[in-house]
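Residue numbers (this note's numbering), protein chains in the order written: chain A, 490 to 664; chain B, 490 to 664. Built from N, CA and C at the ideal position, the CB exists for glycine as well. In this text the structure is predicted, and so the values were computed from the model without any measurement. In what follows, a structure is listed as structure tokens, so that the remarks can point back to it.
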DNA sequence: TATTGTTATACTCTATAACTATA
DNA sequence: TATAGTTATAGAGTATAACAATA
């Protein structure tokens with residue numbers, strides 16, 4: 490429910506004109522927003538991306554690039570379009586990203602004989618080296634990724650997030 | 490190996506320098522990325538924001554604007570800077586957002602006598618009406634926010650997310 | 001001098017549609 | 001005609017620093 494904070498039209502900032510407490514202090518109330526998954530997801534992502542951005546300063550790879558490179562390394566020969574679809578990246582954007590990778594010799598583009606409209610991607614040695622260098626910064630259950638959670642809670646969070654986005658516990662766990 | 494070898498024969502995609510299976514099919518493996526909280530958070534947020542964007546088409550408020558408006562309604566007289574800090578919005582960006590709100594008569598800006606450098610915000614009737622109209626689209630545990638989760642799992646996810654970003658179960662739950 | 005908010009500018013992402021080439 | 005990818009352009013969002021007013 491939310492029926493608080495009735496009309497406080499002329500709420501003087503500090504001089505409380507109405508019963509509702511005024512937030513001239515520091516901690517302000519999030520109210521029902523605390524039960525809004527979209528809001529929480531955005532807040533959590535903003536915190537993480539901030540930390541990732543700091544870290545990406547020390548390595549020639551952003552977190553987004555790291556993700557794409559890892560996907561290519563894990564799926565050699567993957568079609569560019571499939572990769573874009575899986576990562577929610579539009580084809581037009583993927584083209585620029587991949588071309589930049591090619592310019593830096595991180596990935597190889599190949600047009601297969603079977604269907605010459607498509608582009609297949611594979612990792613190159615420099616790409617693999619970049620991944621290895623960045624893994625410690627961006628990867629796994631690292632401390633900077635935990636927020637206020639302990640390792641067990643983080644795994645629980647991860648599982649719920651996988652379930653949330655339909656990334657069920659199916660692939661590549663047991664070959 | 491799974492043998493759909495009709496194209497895989499000559500597709501040099503397949504015959505890479507690695508022994509790894511080739512993902513010319515559809516579902517591709519996310520590998521260790523499935524244990525990467527940052528990656529999962531981004532994927533989940535992308536799904537949600539996509540749905541929110543569709544919904545915001547039918548109402549003159551984006552999901553981000555809805556969040557800010559609700560915060561102002563919940564904290565009448567809140568200082569603009571505090572609001573920006575709480576929501577991870579830079580002051581420069583907040584200025585434009587608030588001015589747009591003021592132009593649409595959704596919020597009121599007030600410069601208090603106590604400290605004339607600051608700006609205090611409060612909701613106006615049109616703002617409250619906009620919130621009410623948008624609540625059904627953006628709010629709570631709505632179906633569009635659940636992903637593949639049932640209501641209980643979603644609450645569990647919400648709690649872990651609150652913990653993750655330090656939004657502990659402290660505020661405004663029991664006044 | 002430090003703080004709060006504003007302005008101006010540039011840069012990164014993203015969205016969209018038109019285009020090429022293959023099928 | 002449909003599909004895969006490319007190109008070009010515009011728009012939103014965000015970062016940065018310089019600035020004004022106030023403390």
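Residue closest to residue 612 of chain A, alpha-carbon to alpha-carbon, out of A:518, A:564, A:553: Relative to the Cα of residue 612 of chain A, the nearest Cα in the group A:518, A:564, A:553 belongs to A:564.
Using a beta-carbon distance below 7 Å, is residue 575 of chain A in contact with chain B? Closer than 7 Å to some Cβ of chain B, the Cβ of residue 575 of chain A qualifies, so yes.
Hey, is residue 512 of chain A's beta-carbon within less than 7 Å of any beta-carbon in chain B? Residue placement at residue 512 of chain A cannot be trusted, given a pLDDT of 41 that sits under 50; what the coordinates show is reported in the next sentence. So yes, residue 512 of chain A belongs to the interface.
Residue 600 of chain A, DSSP secondary structure in three states: Reduced to three states, the DSSP call for residue 600 of chain A is coil.
Nearest-angstrom beta carbon gap, residue 575 of chain B and residue 558 of chain A [assumed within contact, 8 Å]: About 35 Å separates the two Cβ atoms, so there is no contact after all.
What residue range is occupied by the uninterrupted alpha helix (DSSP H) comprising residue 572 of chain B? Where residue 572 of chain B is concerned, the enclosing alpha helix (DSSP H) stretches over 569-575.
For residue 557 of chain B, which of helix, strand or coil comes out of DSSP? Helix at residue 557 of chain B.
Whole angstroms are fine: how far does the CA of residue 546 of chain A sit from the CA of residue 629 of chain A? Their Cα atoms are separated by approximately 19 Å.
From the DSSP secondary-structure annotation, give me the bridge partner or partners of residue 610 of chain B. Looking at the DSSP output, residue 610 of chain B sits in a beta bridge with B:567, B:598.
Got a sec? Which residues, its chain only, sit under 7 Å from residue 644 of chain B by beta carbon, not counting five neighbours each side? Same-chain partners within the cutoff: there are none.
Check each residue of the stretch 592-624 of chain A: if its Cβ is closer than 8 Å to any Cβ of chain B, include it; give the result in chain order. Against chain B - using a Cβ distance shorter than 8 Å - the residues of the stretch 592-624 of chain A are 599, 601, 602, 603, 604, 609, 611.
If you compare alpha carbons, which of A:602, A:569, A:615 is closest to residue 586 of chain A? For residue 586 of chain A, the nearest C-alpha among the options comes from A:569.
Name the residue from B:541, B:560, B:521, B:580 whose alpha carbon lies nearest to the alpha carbon of residue 631 of chain B. For the residues B:541, B:560, B:521, B:580, the minimum Cα distance to residue 631 of chain B belongs to B:541.
Can you look up residue 580 of chain B in the DSSP assignment and give me helix, strand or coil? In the structure shown, the three-state DSSP call for residue 580 of chain B is helix.
Buried or exposed: which applies to residue 582 of chain A, given that a residue is buried once 16 or more other Cβ atoms fall within 10 Å of its Cβ? Exposed.
Under the three-state DSSP convention, the category residue 551 of chain A falls into: Under the three-state reduction of DSSP output, residue 551 of chain A falls in the coil class, being neither helix nor strand.
Interface partners of residue 554 of chain B on chain A, CB under 9 Å: Listed along the chain, the chain A residues whose CB falls inside 9 Å of the CB of residue 554 of chain B amount to none; the nearest CB is some 13 Å away.
Are residue 655 of chain A and residue 637 of chain B touching if we call contact CB-CB under 7 Å? The Cβ atoms of residue 655 of chain A and residue 637 of chain B lie closer than 7 Å to each other.
Min CB distance residue 547 of chain B to chain A below 7 Å: So, not an interface residue.
Check this for me: beta carbons of residue 620 of chain B and residue 596 of chain B, under 7 Å apart or not? Not in contact: residue 620 of chain B and residue 596 of chain B (Cβ atoms no closer than 7 Å).
Between residue 556 of chain B and residue 594 of chain B, what straight-line distance do the alpha-carbon atoms span, to the nearest angstrom? In this structure, the alpha-carbon of residue 556 of chain B lies about 17 Å from that of residue 594 of chain B.
Distance, residue 589 of chain A Cα to residue 625 of chain A Cα: If you take the alpha carbons of residue 625 of chain A and residue 589 of chain A, they lie about 23 Å apart.
Short check: CB of residue 573 of chain A to CB of residue 653 of chain B, under 7 Å? It is not a contact, given that the beta carbons lie outside the stated cut-off.
With DSSP as the reference, label residue 628 of chain A as helix, strand or coil. It is coil, neither helix nor strand.
Can a CB atom of chain A be found closer than 7 Å to the CB of residue 637 of chain B? Taking Cβ atoms only, chain A reaches closer than 7 Å to residue 637 of chain B, which makes this a yes.
Would you mind giving the Cβ-Cβ distance between residue 548 of chain B and residue 610 of chain B, rounded to the nearest angstrom? I have them listed as a contact below 8 Å. The pair is not a contact, with the Cβ atoms about 21 Å apart (cut-off 8 Å).
Please decide whether residue 590 of chain B counts as near chain A, where near means a Cβ-Cβ distance under 7 Å. Not closer than 7 Å to any Cβ of chain A, the Cβ of residue 590 of chain B fails to qualify, so no.
If I'm right that residue 522 of chain B touches residue 650 of chain A with Cβ under 8 Å, what's the distance once you round it to whole angstroms? Actually they are not in contact, since the Cβ atoms of residue 522 of chain B and residue 650 of chain A sit about 12 Å apart, beyond 8 Å.
So, using beta-carbon positions, are residue 526 of chain A and residue 647 of chain B closer together than 7 Å? Yes, the pair counts as a contact, with Cβ atoms nearer than the cut-off.
Whole angstroms are fine: how far does the CA of residue 635 of chain A sit from the CA of residue 603 of chain B? One C-alpha to the other measures close to 40 Å.
Classify residue 580 of chain A: buried if its beta carbon has 16 or more other beta carbons within 10 angstroms, exposed otherwise. Classified as exposed, residue 580 of chain A has fewer than 16 neighbouring CB atoms from the shown chains inside 10 Å of its CB.
Could you tell me the distance, in whole angstroms, from the CA atom of residue 551 of chain A to the CA atom of residue 538 of chain A? One C-alpha to the other measures close to 10 Å.
Roughly how many angstroms lie between the CA atoms of residue 524 of chain B and residue 571 of chain A, to the nearest whole one? Rounded to the nearest angstrom, the two C-alpha atoms are 21 Å apart.
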